[in-house]
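Step one of this worksheet: look at the structure below.
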Amino acid sequence: MATVRGLTFRRGDRVIFQDVDLDIPRGQVTAIMGPSGTGKTTLLRLLSGQVRPDAGRIEVDGICVHELNWRELYQFRKRMAMLFQSGALFTDLNVFDNVAFPLREHTRLPDRLLRTLVLMKLEAVGLRGARDLMPAELSGGMARRVALARAIALDPALILYDEPFAGQDPISMGVLVKLIRTLNDALGLTSIIVSHDVKETAAIADYLYLISDGRIVEHGTPGALDRSHSPWVDQFMHARPDGPMSFHYPAPPYAADLLASPSA
Amino acid sequence: MSAILARLGRAVLEQLTRTGRAALFFLSLLGALSFMIRRPGLLVKQLYAVGVLSLPIILVSGLFVGMVLGLQGYANLVDFGATSSLGTVVALSLIRELGPVLTALLYAGRAGSALTAEIGLMKATEQLASMRMMAVDPFQRVLAPRFLAGCIAVPLLAGIFTAIGILGGYLVAVEQLGVDDGAFWSQMQAKVQLFADVINGVVIKSVVFGLVANWIALFEGYEAQPTSEGVSLATTRTVVYTALAVLGLDFVLTALMFGAW
Amino acid sequence: MTQKNLELAVGAFVALGIAAFFLLALQVSDLTSIGDERGYRVTARFENIGGLRVRAPVTMGGVRIGRVVGIELDPQTYEAVVTLSIDPRHDQIPTDSSASILTSGLLGEQYVGLEPGGMDSYLSEGDVLRLTQSALVLEKLIGRMLTNTAGD
């Protein structure tokens, strides 16, 4: 479905990605994981054409994303959806209107058909009864589910999830996990999840990529990575507090620091 | 010393790039306006938000300004026995200057800051980005309706402000201070010229101010840092910059229109 | 706020704004006297027009009958040629009427006052007023006064 070759991206002096290669197979859930701040969200932006790479080639469904002009890009984006970290619902519309938004903007469906579609999408995420609530009245987890319903409103081929599990209580987490996997299989979607929640992501992903310091450290099925011999991967996958990613921020020797006299 | 110069240089360059972005923003707004023809409902909703909801402050302020002009004008003219000119004084002050300028300043404080905060918040909560991801252009759907509504609202509000100010001046002058009713209106009608004063003053000035006020308000919101601090900073900038711009433009326009060239 | 109420409120707002502008145009400004250019034109020559300006009123007996529409300098005679536009309703102004440049009030603007003559023929388009009285120039007045008192 999507391929990334030789991707290099810099922001100012910082190298975010250096010569990265990715393959996203169709119809599967692929996860991109790594420590906070490694630019995982930026990767989603590169895939959706919101930013352009400095070097390399990103292709989705055979189309080179960063060579599209403005108009073509908008056409292209109708086939993909993105779920933002905060849900990003439109605060001045209620749940129903939020989910109906893409349908109203891009189609001319009659009201009755629109209503049916919106209710179906809401039913898929289990929130059909919440259709008249305003976003401010929803909990974080519910807001994300509504955003998910909105994301699948136009039946996209590809969905990008930006940190879907961040800051959720266990039950909401469980709901989201189930939803992402079920929707992917039921609707024949290709899903890309960017996350640092290892347990949840590994539970539903078909393939994992681990990114750190702008490079792919390792990739494979969840099972393979779990058994990996690399100490860094081991630390990440099993959430160990200390390992190759040191617990201590670089500092002078402890004893010397404590006994040192304060500078005059 | 060189550090100060370096900072100054950097600040100037930042301002220049910002101004450039502002100009491009304006062009994007203009480009998105044609979309409005197909979606008049968006315009109506925004006209309500910036126009109708600004009415209370405009009405009350206009009334009070007019009344104060009546009082002050009377106090100054009575020494010359020229109180029959009070109508002219009140009308010309409002039509040429106070109407458009005060309306623009009040608008910036009430509606401009609200626009900035709204857009800034939409940016901070990624609503604009998700709109782009859904292949909807935020300029067309969100920004242009607000811009057009604002540009329509400001001249209307200025007209209302001016009219009610004159009525306020009338109330104070005739009802309270005993200026002759006929003299108040007839002197005014003799001296206030439709094209030179009303069109030039209230109409043209308020149109220009409205354009600038809404442009600044939307631009600051669009450029705001996506944090609560950033949004509050942007709101402050809107009010300050609009005030400066309006007063500066007022000088230029007054010199062009009413200056003794 | 339902859609219908919204539209009602916006409609009322726009109507109020337009009404305000009408008020300004009709009640406050000199809209009613805009149609002056329909009048017939006569010219008058002055030695000095003082502070007279275009659009200044033309009166007869204190009643406004027209406007000044043009002021030019004759390069041969060095006189100021003032073109007056007189309301067509006042078509019985004798051809030997005189035009003076007067000041309204003590410090006010200057205007052209017509004093009727006694002829039976009346002014029409393109006529020239022969009898004119230039504006009073303050310096010359003072100068004359000084030489007068000096001569006593």
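Residue numbers (the working numbering), protein chains in the order written: chain Z, 1 to 264; chain H, 1001 to 1261; chain F, 2001 to 2152.
Using N, Cα and C, we set each Cβ at its ideal position, and we do this for glycine too.
For clarity, every value in this text was computed on a predicted model and none was experimentally measured.
Taking Z:Arg128 as the centre and dropping the five residues before and after it, the same chain places the C-beta of Leu119, Leu122 closer than 6 angstroms to its C-beta, in chain order. Distance from the CA of Z:Asp92 to the CA of Z:Met134, rounded to the nearest whole angstrom, comes to 8 angstroms. In this structure F:Gly2066 does not touch F:Thr2083 by the C-beta definition: roughly 10 angstroms separates them, more than the 8 angstroms allowed. Against chain F, the CB of H:Thr1162 has a partner CB under 8 angstroms away; the residue lies at that interface.
Residues are counted here when their Cβ sits less than 7 angstroms from a Cβ of chain F; for the stretch 1033–1060 of chain H these are Val1044, Lys1045, Leu1047, Tyr1048, Gly1051, Val1052, Leu1055, given in chain order. For the pair Z:Lys78 and H:Ala1135, the CB atoms are nearer than the 8 angstroms cut-off. Between H:Gly1062 and H:Ile1164, the CB-CB gap stays under 8 angstroms. Taking CB atoms only, H:Ser1028 has no neighbour in chain Z less than 8 angstroms away. Close CB contacts of H:Leu1105 within its chain, under the 8 angstroms cut and outside five residues either way in sequence, are with Thr1242, Ala1243, Val1246 (chain order).
Taking 8 angstroms as the cut-off between beta carbons, none of the residues of the stretch 1133–1151 of chain H comes near chain F. The alpha-carbon of F:Gly2126 is positioned some 23 angstroms away from that of F:Gly2061. Between Z:Pro53 and the set Z:Trp232, Z:Gln75, Z:Leu83, Z:Arg5, the nearest pair of CA atoms involves Z:Arg5.
For the options Z:Ser86, Z:Ala166, Z:Ala147, Z:Ile24, the alpha carbon positioned closest to that of Z:Phe96 is the one of Z:Ala147. Taking a beta-carbon distance threshold of 8 angstroms, H:Val1212 does not count as an interface residue toward chain F. With fewer than 16 other CB atoms across the displayed protein chains lying within 10 angstroms of its CB, H:Ser1002 is exposed. For F:Thr2059, DSSP records a beta bridge to F:Arg2064, F:Gly2113.
Under the three-state reduction of DSSP, Z:Ser228 is assigned to coil, being neither helix nor strand. Considering only F:Val2054, F:Val2014, F:Ala2044, F:Leu2024, the residue with the shortest C-alpha distance to F:Glu2109 is F:Val2054. Nearest CB-CB separation between H:Gly1031 and chain F: not below the 8 angstroms threshold. Looking from the CA of Z:Ala2, the closest CA among Z:Gln168, Z:Ile216, Z:Arg57, Z:Asp13 belongs to Z:Arg57. Contact with chain H is found for F:Ala2025, since one of that chain's Cβ atoms lies less than 8 angstroms from the residue's Cβ.
A residue is called buried when at least 16 other Cβ atoms come within 10 angstroms of its Cβ; F:Lys2140 does not meet this threshold and is exposed. For Z:Asp23, the three-state secondary structure derived from DSSP is strand. Under the three-pair Cβ rule at 8 angstroms, the stretch 195–204 of chain Z counts as touching the stretch 161–176 of chain Z.
Here the alpha carbons of Z:His219 and Z:Ala153 stand approximately 32 angstroms from one another. Look at H:Ile1204: its C-beta is not under 8 angstroms from any C-beta on chain F.
DSSP places H:Ile1152 in no beta strand (DSSP E) but in the uninterrupted alpha helix (DSSP H) bounded by 1144–1170. For H:Ile1004, the number of other beta carbons within 10 angstroms of its own is below 16, and it is reported as exposed.
Taking 3 residues as the shortest admissible run, the stretch 192–217 of chain Z contains the following complete beta strand (DSSP E) segments, listed from N- to C-terminal end: 207–212. Nearest to H:Asp1137 by alpha-carbon distance, out of Z:Ile216, Z:Glu105, Z:Ala256, is Z:Glu105. Per DSSP, reduced to three states, the secondary structure at H:Ile1037 is helical. H:Met1122 and Z:Lys40 have their alpha carbons spaced roughly 22 angstroms apart. Nearest Cα to Z:Ser86 within the set H:Val1090, H:Thr1088, H:Ala1082, H:Ala1129: H:Ala1129.
Assignment of H:Glu1126 by DSSP, reduced to helix, strand and coil, places it in the coil class.
The alpha carbon of H:Ile1037 has as its nearest neighbour, out of H:Phe1258, H:Gln1189, H:Ile1166, H:Ala1149, the alpha carbon of H:Ala1149. Nearest to F:Pro2094 by alpha-carbon distance, out of F:Gly2118, F:Val2063, F:Thr2077, F:Val2014, is F:Gly2118.
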